[in-house]
Each structure stands twice: as structure tokens, then as C-alpha cells.
Amino acid sequence: MAKSKKRRREEAAKGEEIAEDDNGDDEEPEEEYEVEKILAQREGKSGLEYCVKWLGWPESENTWEPEDHLIDCKMVMRAWRRQQQKREEEEQKAKQEQKQQAQQQKQQQQQQQQQ
0 MAKSKKRRRE
10 EAAKGEEIAE
20 DDNGDDEEPE
30 EEYEVEKILA
40 QREGKSGLEY
50 CVKWLGWPES
60 ENTWEPEDHL
70 IDCKMVMRAW
80 RRQQQKREEE
90 EQKAKQEQKQ
100 QAQQQKQQQQ
110 QQQQQ
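Numbering of the sequence shown is given in numbering that gives the first Met the number 0, commencing with residue 0 and proceeding in unit increments.
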């Protein structure tokens with residue numbers, strides 16, 4: 000599985016204090032969390048963001064992560080992109096089938112009206 004650094008502000012938002020030294024650096028190293036899978040994507044303020052399901056964490060701990068937080072998650076990202084491409088192809092196919100059905104119904108109605 001791929002690893003990623005979870006946003007520090009997520010931890011701070013949950014009430015965990017992050018101590019900083021004189022240089023402004025965090026005293027403790029950032030933990031890496033393992034990405035189980037990507038669930039969704041959206042356009043964020045600074046580009047694409049992905050909803051990440053973290054391995055070993057409940058769904059309630061899913062977070063939206065910017066693309067640059069997932070640099071080391073190439074396999075997970077490839078799987079997500081393949082899944083998205085497949086979904087788009089299926090949607091296109093369904094739209095084409097609906098369009099064909101609508102055209103066939105229209106032709107049948109026109110034929111019935113002519114009789």
C-alpha cells in the first residue's frame with residue numbers, strides 16, 4: 000500500500016497540540032499513514048483534492064488531501080484513474096444507448112402516426 004503524510008492541521012483540528020522549536024519546525028516527525036484507497040476527487044482551492052480512506056482507520060477519519068500529498072501513492076492513483084476512466088466509458092455507453100432508444104421510440108411513433 001502507498002504511504003502519505005496526513006495533513007498536520009487535521010491533527011491540530013482534533014485538539015492535538017503541535018509543538019514547534021525556535022525555527023518553526025515541528026519537534027516530532029510527521030507520521031506517515033497508509034492509503035487504502037481513493038474514494039472521490041474534487042477541485043479544491045489549489046487544484047485537485049482526493050478523498051482518502053486510510054488503512055486501519057474508520058470511514059469517519061477519511062480526509063480530503065491535495066494531490067501533492069499523494070506523490071508516493073502512484074499505484075493507488077493509477078487504480079483511481081483507471082476506475083474513473085472505466086466509469087466515464089460506462090457513462091458514455093449508457094448515454095449512447097439512451098439516445099439510440101429515444102431515436103427508435105421517436106421513429107416508431109412517427110411510423111404509427113403515418114399509418
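All C-beta atoms in this analysis are idealised placements derived from N, C-alpha and C, irrespective of residue type, glycine included.
Since this is a predicted model, take the numbers as computed values, not measurements.
(request) Report the three-state DSSP secondary structure of residue 108 (helix, strand or coil). (result) Residue mapping note: residue 108 aligns to position 109 of the sequence shown, counting from 1. Of the three classes helix, strand and coil, the one that applies to residue 108 here is helix, per DSSP.
(message) Does the structure place the segment 95–107 close enough to the segment 51–63 that three or more beta carbon pairs sit under 8 angstroms?
(response) no
(request) Take residue 39 as the anchor and find which of 30, 76 and 88 has the nearest alpha-carbon. (result) Locating residue 39 in the sequence shown gives position 40, counting from the first residue. Selected option, being the one with the closest Cα: 76.
(request) Could you give the DSSP three-state label for residue 29: helix, strand or coil? (result) Here residue 29 refers to the residue found at position 30 of the sequence shown. Residue 29: coil per DSSP, three-state reduction.
(request) Run the CB neighbour count on residue 126, radius 10 Å, all protein chains shown included, and call it buried at 16 or more, exposed below. (result) Summary: the structure shown does not reach residue 126, with the chain confined to residues 0 through 114, and so no result is reported for it.
(request) Note down the Cα distance separating residue 94 from residue 47, rounded to an integer number of angstroms. (result) Stepping through the sequence shown from its first residue, residue 94 is reached at position 95. Stepping through the sequence shown from its first residue, residue 47 is reached at position 48. Using only the alpha carbons, I get a separation of about 26 angstroms.
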